[in-house]
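> Line by line, the protein sequences give chains A and D. According to this note's numbering, the residues represented by the first sequence are 1 to 289, in order. According to this note's numbering, the residues represented by the second sequence are 1 to 226, in order. From the three backbone atoms N, C-alpha and C, an ideal C-beta is built for every residue, glycine too. Below you will find the structure I want to go over with you.
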Amino acid sequence: MKKKVLCLLMAAACAASLSACGGGASETTAAAAPDATTAEGNTAAKAEDTTAAEEEKADAAEGKQLIMATNAEFPPYEYHDSSMTGPDGSDIVGIDAEIAGAIAENLGMELVIEDIAFDSIIPELQSGKADIGAAGMTVTEDRLVNVDFSDTYATAVQVIIVTEGSEIAGPDDLAEKIIGVQQGTTGDIYASDDFGDENVDRYPKGVDAVQALLQGKVDAVIIDNEPAKVFVSENEGLKLLDAAYAEEEYAIAVKKGNTELLDQINGALAELKESGALDEIVAKYISAE
Amino acid sequence: MSQGIYLNFIKDDRWKYITDGLKVTLEVTLFAVLIGIAIGFLIAVVRSTYDKTGKLKLLNGICKIYLTVIRGTPVLVQLMIIYFVIFGPVKISKVLVAVISFGINSGAYVAEIFRSGIMSIDQGQFEAGRSLGFNYVQTMWYIIMPQAFKNVLPALGNEFISLLKETSVGSYIALQDLTKGGDIIRSRTYDAFTPLIAVALIYLGLVLLFSWLIQILERRLRQSER
C-alpha cells in the first residue's frame, strides 16, 4: 500500500516537473523570436512554399485529422446552426469554420472542430490537443509570445453596442461607465487598459454581455463588428455606434514553433485568396452593404 | 519558471486579480453559508416535526417542493436564472446575486444534513425529555439539538468546503472571484500552467485551513462525551 502511494507521488512529481520544463522552453523560444521577424519570415517563406506545400500535401498521410479549436459563439465567424452542416459534419458553421475546411481540403486532411472557451484556445494549441486555432483571433504581442500566427485573412473592427437612447455617442463617453465584454477578447484587453479593470464586466460569452446590456446591467458592450451586427439585428432596442473602437486583423494560430503546419496553412490561404474562394466564403456570411 | 511568475503575477500588478478575487470568494462563501444554515435549520425543524408528530403538513409540503427543485437542478443554472431572469431588469450587485443563489442552494443540502442529525437521535431521548416535563420545543432545543449538531458537524463541514469551491461557477455572471481572477490572468498571458496551479493551491490552502478549524470544533464538542 505504501509503495503504491509512493509510486503515485513520484508520477505526480514527474508530471509537474515535465510541464514546468515545457513552460520554460516556450518562453525562451518566444524571447528569441520577436514578432517582426516571424512575420517577415512567413511572407518570405510563403512564396517558395506554394510548391513545397504541394509536395508536402502528397506526403501528408491520407485521412489525417486537422483539429481546429474555436469558440462557436461568435457569429458569423463561427456559431452553431442546426439548419446547416459545417465542414466537419457537425452544426458548427461560419467564416472561420469554412476557411479551415477549405485549408484542410487543400492539405488533404480531415477537419475536426472543437468548441471550447475562447481563452482556452491557446492553451489547447500549446498542449497539442488542437492543431490550429481559428476563432476571429487578432494578432497581439501577448499572444505572439505563446503561439505563431498565419497571414491575416480578414480585417475587423471592435465596435460599441449601446441601448437606444443611450447618452454614449463615442469611445470618449465610455469613461466611468460599466462596459461588458467577452473575456479574453481584444475588446476586453483594450477596454481594461483604457478604462480600468473595475469598469469592465467579463462574460464568458458575447451573448451574455449583450443580455446584460439589454437588462441595464452594463452601459455598453465592446465586441467585434460582425457578431455585433448580428446581436443588434436580433435584439430590439440596441444600436451600433458609428465610431469604431479599434481596428484589427484576424489570423489563424498554431503552436509556437510548428513552422511546417504554419507554412502549409499560409500556402493554402494564399491559394484560397488567389482563386477567390476566400471572398466567396466571406460573401456567403456577410452581405455587402 | 521565474519568468512565468513575473509575467503572470508581477507584471501590470496582475496579482491583484488573485487577491481581489480571493476576497470576493470568501465574502460570497461566508454569507452563503450563513443563509444556507438559516434556511436549512428552519426546513429541518419543519420536516422532522412532521416526521415525528404529523403536524405542519402544509409547511412540510412547501419544504419538499423547495428541496426537489433546488436539489434537482444544477447550481449554475440556478445562478443564471436568478441573475438573468429573476433579477432580470435590475442593476444588482453580482456579489449579492451570488450570495443569494449559493445560499438558497446550500440551504437545501444543509436541511437534509440537519434532518438526518435530528432523526439520528434515539426516540428514547425524546420520550425521556417529554416525561421529565419538557414540552416539544424545549425537548428539541435542550436535548435533541445539541446531540444532533455534534453528529452532523462532519457533514456540515463537508458542505461548507464544497460550497467554497462551488462559488467558482460565479464567473458565468462575470463575478470576479478567485477562479475568475486566475482566468483573467490566463486570458492575458496565455499561460495555462502558472495561474491555474496558483488558484488551485489557494483553494487547497483554504480547504485545509477550514477543515482544521472544523476538526478543532469537533474535538471541543466531543469533550462532554467522556
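Measuring only the C-alpha atoms, how far is D:Ile-18 from D:Ile-144?
43 Å
> Please confirm whether A:Ala-212 has its beta-carbon closer than 9 Å to some beta-carbon of chain D.
yes
> If distances are taken between C-alpha atoms only, which option among D:Leu-58, D:Ile-81, D:Gly-107 and D:Ile-37 comes closest to D:Arg-71?
The residue among D:Leu-58, D:Ile-81, D:Gly-107 and D:Ile-37 with its C-alpha nearest the C-alpha of D:Arg-71 is D:Gly-107.
> Does the distance from the CB of A:Tyr-203 to the CB of D:Ala-174 come in under 9 Å?
For the pair A:Tyr-203 and D:Ala-174, the CB atoms are nearer than the 9 Å cut-off.
> Taking only the alpha-carbon atoms, compute the straight-line gap between D:Ile-104 and A:Lys-205 and give it to the nearest angstrom.
26 Å
> Consult DSSP for A:Leu-278 and reduce its assignment to one of helix, strand or coil.
helix
> Suppose you measure from the CA of A:Asp-49 to the CA of A:Leu-261; what does that come to, to the nearest Å?
With a pLDDT of only 46 at A:Asp-49, under 50, the local geometry of the prediction cannot be trusted, and the value read off the model is given with reservation. Taking the straight line joining both Cα atoms gives about 11 Å.
> Does D:Gly-40 pass the burial test, meaning 16 or more other C-beta atoms within 10 Å, or should it be called exposed?
buried
> What does a CB cutoff of less than 6 Å around A:Ala-191 pick up in its chain, not counting 5 residues either side in sequence?
Cβ within range, chain order: Ile-179, Val-181, Val-200 and Ile-222.
> Determine the contact status of A:Ile-103 and A:Leu-272, defining contact as a CB-CB distance below 9 Å.
yes
> Which whole-angstrom value is the C-beta distance of A:Glu-98 and A:Ala-156, which I expect to be below 8 Å?
Not really, about 16 Å apart at Cβ, beyond 8 Å.
> At which residues does the beta strand (DSSP E) containing D:Glu-218 begin and terminate?
Counting along the chain, D:Glu-218 falls outside any beta strand (DSSP E), though it belongs to the alpha helix (DSSP H) covering 193-222.
> Is the beta carbon of A:Ala-135 closer than 9 Å to that of A:Ala-220?
It is not a contact, given that the beta carbons lie outside the stated cut-off.
> Which residue comes first and which comes last in the beta strand (DSSP E) that contains A:Leu-111?
110-115
> Quick one, which of D:Ile-214, D:Ser-211 and D:Ile-43 has its alpha-carbon nearest D:Asn-60's?
D:Ile-43
> In terms of DSSP beta bridges, what is A:Glu-73 paired with?
A:Tyr-79
> Take A:Ile-290 as the anchor and find which of A:Gln-126, A:Leu-107 and A:Ala-130 has the nearest alpha-carbon.
A question about residue 290 of chain A goes unanswered here, because the residues of chain A that appear run from 1 up to 289.
> Are the segment 250-257 of chain A and the segment 143-156 of chain A touching by the rule of at least three beta carbon pairs closer than 8 Å?
yes
> With a threshold of 9 Å between beta carbons, is D:Ala-192 in contact with chain A?
yes
> Which partner residues of A:Leu-240 appear in the DSSP bridge assignment?
For A:Leu-240, the beta-bridge partners assigned by DSSP are A:Ile-161.
> Among A:Tyr-77, A:Val-218, A:Ala-268 and A:Ala-100, whose alpha-carbon lies nearest the alpha-carbon of A:Ile-67?
A:Ala-100
> Sorted by chain position, which residues of the same chain lie with C-beta nearer than 6 Å to A:Met-84's C-beta, five sequence neighbours on each side aside?
Val-93
> Going by DSSP, which residues form a beta bridge with A:Tyr-250?
A:Thr-138 and A:Ala-154
> Since D:Val-199 and D:Thr-179 should fall inside the 8 Å C-beta cutoff, what is the C-beta to C-beta distance between them, to a whole number of angstroms?
6 Å
> Have a look at A:Ile-168 and A:Leu-214 and give me their C-alpha separation to the nearest angstrom.
15 Å
> What's the gap between the Cα of A:Ala-45 and the Cα of A:Asp-263?
Note that A:Ala-45 has pLDDT 45, beneath the 50 cutoff, so the model's placement of it is unreliable and no number is given.
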